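Residue numbers (our numbering): 243 to 462.
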Ligand code: AMP
Ligand code: MG
């Protein structure tokens, strides 16, 4: 696989993951596989780094980005007062393809959440993103690694088609296992509401939370 000057494609081994983690901490953009799709990540605590994601993707600033975490300590860092329901869902589905929307803590810059007072959080299970989160020791804001309005990238080749030359590092870890995005569940209202259907089905959610509503919305 060849890349334009500027985008370094690295096989996602230990050395490449360590280099990518250091680069993320320094404010850079890195694309990587998760178990759902490929993500385009930046330090979720760094507003300038996050702003570069919107530019690289051509993503409108009113479209919020999911924050990826390594462990529950980071959950408490980014989200305010996770409820008992949130913790039950986390216990059942994390690490995995469920994204929870909760109140945002001020540590997370407003642009991550497109100015909303909420934050979408997920603890992914993919081994490469988990290793990257562990090495970087920061939450990573990451939408899918494709140009806005294009299908979510599921291979390194897809990422390059859209973002070649616009990002500095691409960790190639083969095809994303599921090829389906995470389910986004909003826990900030009275009834938990699915904002985006995804890899975890409503039936699976109902086992933990019998009362769950569903709302269709436009997504990229
Ligand atoms: P992407 O990761 O690019 O596929 O898109 C992430 C999607 O997650 C967004 O388009 C929203 O649908 C949803 N999302 C992220 N953050 C929030 C939030 N704070 N509130 C509601 N939905 C969110
Ligand atoms: Mg997307």
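Glycine is no exception: its CB is placed at the ideal position from the N, C-alpha and C atoms.
Note that the structure is a prediction, hence the values are computed from the model and not measured.
Pairwise C-alpha distance: residue j and residue i
| i | j | result |
| --- | --- | --- |
| residue 335 | residue 428 | 15 Å |
| residue 319 | residue 415 | 29 Å |
| residue 443 | residue 347 | 28 Å |
| residue 314 | residue 401 | 30 Å |
| residue 410 | residue 290 | 16 Å |
| residue 277 | residue 324 | 24 Å |
| residue 296 | residue 386 | 11 Å |
| residue 292 | residue 274 | 16 Å |
| residue 267 | residue 361 | 20 Å |
| residue 447 | residue 279 | 21 Å |
| residue 316 | residue 404 | 31 Å |
| residue 248 | residue 355 | 28 Å |
| residue 332 | residue 300 | 32 Å |
| residue 455 | residue 312 | 28 Å |
| residue 465 | residue 452 | Residue numbering for the chain in the displayed model covers 243 to 462; residue 465 lies beyond these limits and cannot be assessed. |
| residue 437 | residue 431 | 12 Å |
| residue 433 | residue 330 | 15 Å |
| residue 264 | residue 407 | 20 Å |
| residue 379 | residue 302 | 28 Å |
| residue 253 | residue 426 | 30 Å |
Of the listed residues the options, nearest to residue i (C-alpha basis)
| i | options | result |
| --- | --- | --- |
| residue 327 | 249, 435, 310, 265 | 435 |
| residue 421 | 281, 354, 404 | 281 |
| residue 322 | 451, 340, 345 | 345 |
| residue 214 | 333, 364, 452, 356 | Residue 214 cannot be examined here, being either before or after the span of the chain that is shown, 243 to 462. |
| residue 398 | 432, 418, 449 | 418 |
| residue 305 | 341, 357, 272 | 357 |
| residue 309 | 396, 381, 439, 408 | 381 |
| residue 338 | 406, 270, 269, 424 | 424 |
| residue 359 | 407, 450, 307 | 307 |
Which of helix, strand or coil DSSP assigns to residue i
| i | result |
| --- | --- |
| residue 447 | helix |
| residue 340 | strand |
| residue 345 | strand |
| residue 250 | strand |
| residue 256 | helix |
| residue 297 | helix |
| residue 210 | Here the chain covers residues 243 to 462 and nothing more, so residue 210 does not appear. |
| residue 271 | coil |
| residue 280 | strand |
| residue 455 | strand |
| residue 309 | strand |
| residue 414 | strand |
Chain D within 9 Å of residue i, Cβ atoms only
| i | result |
| --- | --- |
| residue 355 | Of the protein chains in the structure, only one exists, and it is not chain D. |
Check whether the region 389 to 403 touches the region 368 to 375, taking contact to mean three or more Cβ pairs, one atom from each stretch, closer than 8 Å. no
Three or more beta-carbon pairs under 8 Å between the region 274 to 289 and the region 338 to 355, yes or no? yes
Is it a yes or a no for the region 360 to 374 touching the region 250 to 262, going by three-plus beta-carbon pairs under 8 Å? yes
Restricting to runs no shorter than 4 residues, where is the alpha helix (DSSP H) found entirely within the region 313 to 396? 314 to 320, 326 to 335, 369 to 378
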